[in-house]
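Novice:
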Amino acid sequence: MTITKEQILHALSHVEEPDLKKDLVTLHMIQNIEILPNKIKFDVVLTTPACPLKGHIEHACRNAIALFISKEIEVDINMTSRVTSVDPNQLKGIKNIILVSSGKGGVGKSTVASNLALALANTGAKTGLLDADIYGPSLPIMFGLEGAKPMASQLPDGSTKIEPIEKFGLKLLSIGFFTDPNQPIPWRGPMATSAIKQLFNDADWGELDYLVVDMPPGTGDIHITVSQTYPISGAVIVTTPQQVALADAIKGMAMYQMEGINVPILGIVENMAYFTPAELPDNKYYIFGKDGGKRLAESNNVPFLGEIPLVKAVADAGDNGFPIILDDSESIADAYKSIAGRVAQELSILANISS
Ligand SMILES: Nc1ncnc2c1ncn2[C@@H]1O[C@H](COP(=O)(O)OP(=O)(O)OP(=O)(O)O)[C@@H](O)[C@H]1O
Ligand SMILES: [Mg+2]
1 MTITKEQILH ALSHVEEPDL KKDLVTLHMI QNIEILPNKI KFDVVLTTPA
51 CPLKGHIEHA CRNAIALFIS KEIEVDINMT SRVTSVDPNQ LKGIKNIILV
101 SSGKGGVGKS TVASNLALAL ANTGAKTGLL DADIYGPSLP IMFGLEGAKP
151 MASQLPDGST KIEPIEKFGL KLLSIGFFTD PNQPIPWRGP MATSAIKQLF
201 NDADWGELDY LVVDMPPGTG DIHITVSQTY PISGAVIVTT PQQVALADAI
251 KGMAMYQMEG INVPILGIVE NMAYFTPAEL PDNKYYIFGK DGGKRLAESN
301 NVPFLGEIPL VKAVADAGDN GFPIILDDSE SIADAYKSIA GRVAQELSIL
351 ANISS
């Protein structure tokens, strides 16, 4: 039986990318088709290596070949990816900048940002993590990098170039690397914003698929400056289910949606959703209330990205400089991986709409 390239494309034009709601051929996702005796090969180029539907799409391709061409032919599919960019005005080679934000402090932004960035990096995406919390940088402790000093060099034109520190497959920078952890810094507005701008502009981030930014609490100067100065792909809003946190999360979202800021909300993460004591593994205690984050997402018509329970190991991992997602024995790591997949999906959808 002779098979043609057209037959293969016709068969695969019946496979829809479930998020993008278009078929794989229209989306130019089918590439490098090879036709060998009794075997066909092709690449499926996804919009993110973190695509949670990877297995589903591969299966649908095999079914389409079996249905429209033949069940007898061997099919060799190479699932690969090229990350798409939401904003066509990229900051140097950074395809997507993701802000992890909240209104209220202490709800788990830094923990979510760290684990989200690591989860994306673990799928093979080139990822950076920038700690923009001028007032309480957490990244140095969370990554066991207290005292680390990034290399900084003066370029001939007088500008500075800062080398991010590499750890666990991520490129990292924190304002905390440049300050004394024991001295409070009385940042004035313009000083704080210019310090943050240096971390974006003067850092040698190289090419990145995702730059995750751990934002300070609140809705202040830093938020406005970062949102207005850089091409931000979207914001992840972290909240606990507690009323006070939800009220601040609403303010946080409203700020990003203001005219002149217009940062898309990628969705809401509900942190500290419930507590399960080790000795009562079937019990869930809703210490801060139940489903507050989920309801907030519904009422604001934004995606709900997932929930994370209150688990002592998460706090310990942060303190020990080894984020929980790196510990495969902890099932909670899967909650962060699932959130990372959802974030990547939402970015792919936005990039597809804007292209
Ligand atoms: N799911 C969780 N289970 C247990 N502890 C958690 C969880 N998420 C965060 N924590 C802990 O709660 C504290 C606050 O978390 P984190 O520093 O991530 O919050 P934040 O929103 O970044 O705070 P800030 O507003 O001060 O920047 C930390 O000690 C962290 O280890
Ligand atoms: Mg923080």
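Taking full-length UniProt numbering, I'd label the letters of the sequence shown as residues 1 to 355. Glycine residues also receive a C-beta, built at the ideal position from the N, C-alpha and C atoms.
Identify which residue in V302, V44, I69, G144 has its Cα closest to the Cα of M1.
Specialist: It is I69 whose Cα lies nearest to the Cα of M1.
Novice: Ligand 1 and V15: does the residue's C-beta get closer than 7 Å to at least one heavy atom of that ligand?
Specialist: No, ligand 1 has no heavy atom inside 7 Å of this Cβ.
Novice: Thinking C-alpha only, which one of V25, F143, L118 is nearest L12?
Specialist: The shortest C-alpha separation from L12 is found at V25.
Novice: Could you say which of Q243, S233, S227, S329 lies nearest to M255 if we only look at CA atoms?
Specialist: The option with the nearest alpha carbon to M255 is S227.
Novice: Quickly, what does DSSP pair L130 with across the bridge? List them, please.
Specialist: Answer is L173, V213, bridged to L130.
Novice: Skipping 5 residues on each side, what residues in its chain have a beta carbon closer than 7 Å to that of V302?
Specialist: I265, G267, I268, listed in sequence order.
Novice: At which residue ranges does the segment 268-351 contain complete beta strand (DSSP E) runs of 3 or more residues, listed in the order of the chain?
Specialist: The qualifying runs are 304-310.
Novice: Less than 7 Å between the CB of N271 and some heavy atom of ligand 1, yes or no?
Specialist: Within the cutoff, so yes.
Novice: With C-beta atoms as the reference, is L99 less than 8 Å away from V263?
Specialist: Contact flag set, yes.
Novice: Starting from the C-beta of F322, find all residues in its chain whose C-beta is less than 7 Å away, skip the five residues before and the five after it, and write them out in chain order.
Specialist: Excluding residues within five positions, the ones whose Cβ falls inside 7 Å are G144.
Novice: Which same chain residues end up closer than 7 Å to G124 when comparing Cβ atoms and leaving out the 5 residues on each side of it in sequence?
Specialist: P49.
Novice: Taking contact to mean 3 or more Cβ pairs, one atom from each stretch, closer than 8 Å, check whether the segment 201-214 and the segment 79-97 are in contact.
Specialist: Yes: the two stretches touch, three or more of their Cβ pairs being nearer than 8 Å.
Novice: Whole angstroms are fine: how far does the CA of V311 sit from the CA of I224?
Specialist: Looking at the two C-alpha atoms, the distance is approximately 33 Å.
Novice: From I324 to I73, what does the alpha carbon distance come to, in whole angstroms?
Specialist: Using only the alpha carbons, I get a separation of about 44 Å.
Novice: If you count every other CB in all the chains shown that lies within 10 Å of the CB of residue 356, and 16 or more means buried, which is it?
Specialist: Absent from the structure is residue 356, since the part of the chain shown begins at 1 and ends at 355.
Novice: Among Y274, D328, I261, A60, which one has its Cα closest to the Cα of G234?
Specialist: Per the Cα distances, I261.
Novice: Figure out for me which residue from E330, K294, S299 has the closest Cα to the Cα of residue 363.
Specialist: Within the shown structure, residues of the chain are numbered from 1 to 355, placing residue 363 beyond reach of any answer.
Novice: Kindly indicate which three-state DSSP category M1 falls into: helix, strand or coil?
Specialist: Coil, per DSSP.
Novice: Can you tell me the Cβ-Cβ gap for L246 and G292, rounded? I've got them flagged as a contact below 8 Å.
Specialist: Sure, about 5 Å apart at Cβ, within 8 Å.
Novice: Out of K251, I250, I308, A249, which has the shortest C-alpha to C-alpha gap to A273?
Specialist: Considering only alpha carbons, the answer is I308.
Novice: Determine contact between the segment 109-121 and the segment 340-351, defined as no fewer than three beta-carbon pairs at a distance below 8 Å.
Specialist: Taking 8 Å as the limit for Cβ pairs, the verdict is that the segment 340-351 does touch the segment 109-121.
Novice: List, from N- to C-terminal side, the alpha helix (DSSP H) runs of 4 residues or more that fit wholly inside the segment 239-264.
Specialist: Those alpha helix (DSSP H) runs which fall completely within the segment 239-264 and span 4+ residues are 243-257.
Novice: Identify, in the order they occur along the chain, each residue of the same chain with its Cβ nearer than 6 Å to the Cβ of M151, setting aside the five sequence neighbours on each side.
Specialist: Within the same chain, M151 has close Cβ partners E163.
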